[in-house]
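Visitor:
Protein chains in written order, with our numbering: chain A, 112 to 457; chain B, 112 to 457.
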């Protein structure tokens with residue numbers, strides 16, 4: 112079974128976008144904001160939004176299940192206050208729940224959190240619990256910078272986040288550390304803010320003692336870990352210089368990088384330097400980079416091809432794996448991370 | 112001749128640090144700030160600070176010249192106002208000038224700029240001109256985020272920077288795009304802020320039309336270009352999706368990455384995906400990561416070893432190059448970038 116651990120609903124039905132637009136227009140007038148009931152999306156519209164996109168690509172590329180969450184850019188926690196964020200998160204998560212109910216073999220839910228700049232992450236516990244307990248979601252996307260590029264939140268290792276982590280541990284669900292849109296003109300969203308956030312989060316984890324306090328907390332850093340694998344020597348050296356544990360020791364049962372790296376040499380490097388048990392297969396399709404790479408004639412985000420061709424990986428994963436190298440990657444973390452729950456429970 | 116294009120004076124004499132400490136202590140009391148004349152550093156102290164460090168490493172590693180600038184962390188443009196930044200920059204640049212005068216065969220100067228958050232970069236023209244015309248410096252370090260991790264400055268492609276670029280072009284000197292210390296708790300300095308800035312700057316250049324307006328402007332993005340080479344497919348795809356020129360076309364005569372990447376697989380990737388003419392040899396010694404890599408027994412920042420062993424590079428640079436692969440790298444840009452001036456003029 113090949114599980115793609117990183118997919119967003121980027122082909123969402125039009126009325127969801129209409130709803131959000133209306134909410135944002137009245138962001139400071141609570142009475143004028145749209146009600147949940149005003150959202151009109153039929154099951155057929157949901158099917159239509161997926162059949163020609165994610166489902167088609169799953170079939171074509173030979174992957175089985177996508178861990179599916181609301182559009183990352185869309186979270187935009189910097190817009191409005193906590194109540195705005197909560198209503199929007201609930202609507203988005205309920206949409207993901209409908210997707211997973213319509214296609215239980217293809218999608219497993221991960222929730223958006225109602226984060227808001229300056230508001231304690233404790234305020235996200237309720238929505239996490241609802242999504243996991245009522246909808247069977249298997250994780251959440253945790254935004255380390257709800258301000259959208261101003262980076263006003265404390266590092267992920269700060270006690271600011273601890274009560275939320277306690278709930279994650281209790282529910283046994285991982286978080287993908289994933290920022291949203293940038294409202295800072297310095298940072299392009301998918302080209303700078305996303306990748307910077309991955310790098311930033313990893314460095315916070317190097318310098319902190321988070322996993323001493325939460326030995327079973329599980330964090331996934333997307334986009335191949337940002338800049339980290341390319342600068343693996345730098346980070347190994349910084350850990351040493353700062354008398355911190357070696358990177359593989361720090362990551363071991365707690366940190367995974369995904370394979371959203373859109374060219375062969377990048378995946379080769381990733382799978383060469385990062386412990387293979389700490390890599391999760393993912394494509395982020397249909398996501399940040401669309402269309403075909405003119406150098407290969409294949410979709411940029413068809414990461415299964417790169418993983419299948421990564422030389423180090425083939426050798427390392429030859430024996431007990433089932434279908435392919437991508438399968439080997441996505442299976443391994445299932446045995447340790449909570450991602451295993453969903454596909455088996457459905 | 113092997114030119115290391117990225118070295119900072121990180122072993123500066125004690126009295127320089129004393130001077131700065133005193134300046135920062137009285138940052139809001141101009142009258143109490145130390146005078147330039149109060150700085151007491153002898154030539155012997157300068158020699159001593161270099162002989163056991165940068166000069167020893169040049170000899171041991173077989174590099175010839177280091178393009179040398181004040182400590183990057185030390186610039187801290189976020190401390191105090193423009194006048195504080197100007198006085199500190201002048202003191203630092205004069206110290207670099209003394210280094211280059213004492214060791215004209217080993218060091219070539221690059222200046223710190225008196226940037227200050229919210230202050231127009233026009234205010235840096237005077238110090239750039241002084242350093243280039245009076246001291247023979249060959250470039251400057253340009254901080255894309257003088258706020259120290261709050262990213263309040265417009266993108267590098269904004270007209271905000273244009274008058275300064277005009278002066279760079281007139282003087283025919285390149286800038287290394289290099290941030291300083293982070294005063295944002297979210298960002299570790301060398302582990303997050305530096306690398307994020309490189310990634311951020313490159314994405315700004317992708318989205319802007321800077322080199323249409325300044326066809327001869329030359330920018331060096333340090334630390335191997337941040338996350339860019341690892342995500343080369345992502346950036347190629349983003350350029351395509353945004354109808355921007357291909358990366359190699361955009362970089363061609365205007366953008367270089369250095370080789371401050373501290374492990375072999377990273378240098379292998381860098382030299383494989385980025386056009387070889389757009390890579391400058393550099394080590395940033397004595398810099399961000401100190402000490403030996405326990406996996407190799409060699410210094411993390413001895414990048415010449417990695418470059419010498421990069422497989423793609425050896426083949427590509429076999430014929431007309433002089434001494435080694437590092438030499439091949441550092442020579443090529445000399446023919447186009449202004450870095451060629453200094454070694455030949457001394």
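Glycine is no exception: its CB is placed at the ideal position from the N, C-alpha and C atoms.
1) What does a CB cutoff of less than 7 Å around residue 398/B pick up in its chain, not counting 5 residues either side in sequence?
2) Rounded to the nearest angstrom, what separates residue 339/A and residue 310/A at their Cα positions?
3) Looking at residue 313/A: is its Cβ nearer than 8 Å to the Cβ of residue 335/B?
4) Of all the CB atoms in chain A, is at least one closer than 8 Å to the CB of residue 343/B?
5) According to DSSP, is residue 267/A part of a helix, a strand, or is it coil?
6) Which of the three DSSP states is assigned to residue 246/B in this structure?
7) Would you identify the three-state DSSP class for residue 73/A, choosing helix, strand or coil?
8) With 16 other CB atoms within 10 Å as the buried threshold, where does residue 441/A fall?
9) Considering only C-alpha positions, which residue in the set 332/B, 187/B, 273/B is nearest to residue 325/B?
10) Using Cβ-Cβ distances below 8 Å, what residues of the segment 390–405 of chain A are close to chain B?
11) Check whether the Cβ of residue 252/A lies closer than 8 Å to any Cβ atom in chain B.
12) Should residue 176/A go down as buried or exposed, given a rule of 16 or more other Cβ atoms within 10 Å for buried?
13) Around the C-beta of residue 323/B, are 16 or more other C-beta atoms found within 10 angstroms, so that it is buried, or is it exposed?
14) Locate the alpha helix (DSSP H) running through residue 322/B, then write down its first and last residues.
15) Kindly indicate which three-state DSSP category residue 403/A falls into: helix, strand or coil?
16) Let's test the definition: count the other Cβ atoms within 10 Å of the Cβ of residue 153/B and tell me whether it reaches 16, buried, or not, exposed.
17) By the criterion of Cβ-Cβ separation under 8 Å, what are the contact partners of residue 362/A in chain B?
18) Kindly indicate the opening and closing residues of the alpha helix (DSSP H) around residue 166/A.
19) Pick helix, strand or coil for residue 211/A, following the three-state DSSP scheme.
20) Below 8 Å on the Cβ atoms is my contact criterion, and I expect residue 287/A with residue 210/A to pass it. Report the Cβ-Cβ distance as a whole number of Å.
21) Quick check: is the beta carbon of residue 365/A nearer than 8 Å to any beta carbon in chain B?
22) Counting only Cβ-Cβ distances shorter than 9 Å, please list the residues of the segment 281–301 of chain A near chain B, keeping chain order.
23) Could you check what DSSP says for residue 396/A in three-state terms: helix, strand or coil?
24) Going along chain B in order, which residues have a C-beta closer than 8 Å to the C-beta of residue 117/A?
25) Determine the DSSP secondary structure at residue 181/B, reduced to helix, strand or coil.
26) By the DSSP assignment, the alpha helix (DSSP H) with residue 280/A in it spans what residues?
27) Tell me whether residue 442/A sits in a helix, a strand or coil according to DSSP, three-state version.
28) Indicate whether at least one CB of chain A lies closer than 8 Å to the CB of residue 314/B.
29) Scan the segment 404–418 of chain A for residues whose Cβ lies nearer than 7 Å to a Cβ of chain B and list them as they occur along the chain.
30) According to the Cβ coordinates, are residue 424/A and residue 366/A closer than 8 Å?
31) Report buried or exposed for residue 436/A, applying the criterion of at least 16 other Cβ atoms within 10 angstroms of its Cβ.
32) Out of 329/A, 357/A, 253/A, 409/A, which has the shortest C-alpha to C-alpha gap to residue 187/A?
33) Among residues of its own chain, excluding the 5 on either side of residue 330/B, which ones have a beta-carbon nearer than 7 Å to its beta-carbon?
34) Using beta carbons (cut-off 8 Å, strictly below), is residue 139/B in contact with chain A?
35) From residue 183/A to residue 374/A, what does the alpha carbon distance come to, in whole angstroms?
36) Within 8 Å, do at least three Cβ pairs link the segment 261–279 of chain B to the segment 346–363 of chain B?
Guide: For this structure:
1) 119, 121, 412
2) Rounded to the nearest angstrom, the two C-alpha atoms are 6 Å apart.
3) no
4) yes
5) coil
6) helix
7) Only positions 112 to 457 of chain A appear in the structure, and residue 73/A is not among them; the question remains open.
8) For residue 441/A, the pLDDT reaches just 46, beneath the cut-off of 50, and the residue's location in the model is therefore unreliable, leaving the point undetermined.
9) 273/B
10) 399, 400, 401, 402, 404, 405
11) no
12) Residue 176/A is buried by the Cβ-count criterion.
13) exposed
14) 321–324
15) strand
16) exposed
17) For residue 362/A, no chain B residue has a Cβ inside 8 Å of its Cβ, as the nearest lies near 15 Å away.
18) It spans 165–172 - the alpha helix (DSSP H) in which residue 166/A sits, taken as one unbroken run.
19) helix
20) Not quite, the Cβ-Cβ distance comes to about 17 Å (not below 8 Å), so this is no contact.
21) no
22) 295, 296, 297, 298, 299, 301
23) Looking at residue 396/A - three-state DSSP - the assignment turns out to be coil, as it is neither helix nor strand.
24) Under the 8 Å cutoff, chain B gives no residues; its nearest Cβ is about 14 Å from residue 117/A.
25) The answer is strand: DSSP assigns residue 181/B an E or B state.
26) 273–282
27) Residue placement at residue 442/A cannot be trusted, given a pLDDT of 37 that sits under 50; what the coordinates show is reported in the next sentence. Helix, per DSSP.
28) Interface annotation, residue 314/B: in contact with chain A, CB-CB separation under 8 Å.
29) 404, 411
30) no
31) Its pLDDT being 49, under 50, residue 436/A is placed unreliably by the model, and the measurement read from it follows with that caveat. By the neighbour-count rule (16 or more Cβ atoms within 10 Å), residue 436/A is buried.
32) When only C-alpha atoms are compared, the closest one is 253/A.
33) 285, 286, 288, 365, 366
34) no
35) 22 Å
36) Counting C-beta pairs closer than 8 Å gives fewer than three between the segment 346–363 of chain B and the segment 261–279 of chain B, which falls short of the contact rule.
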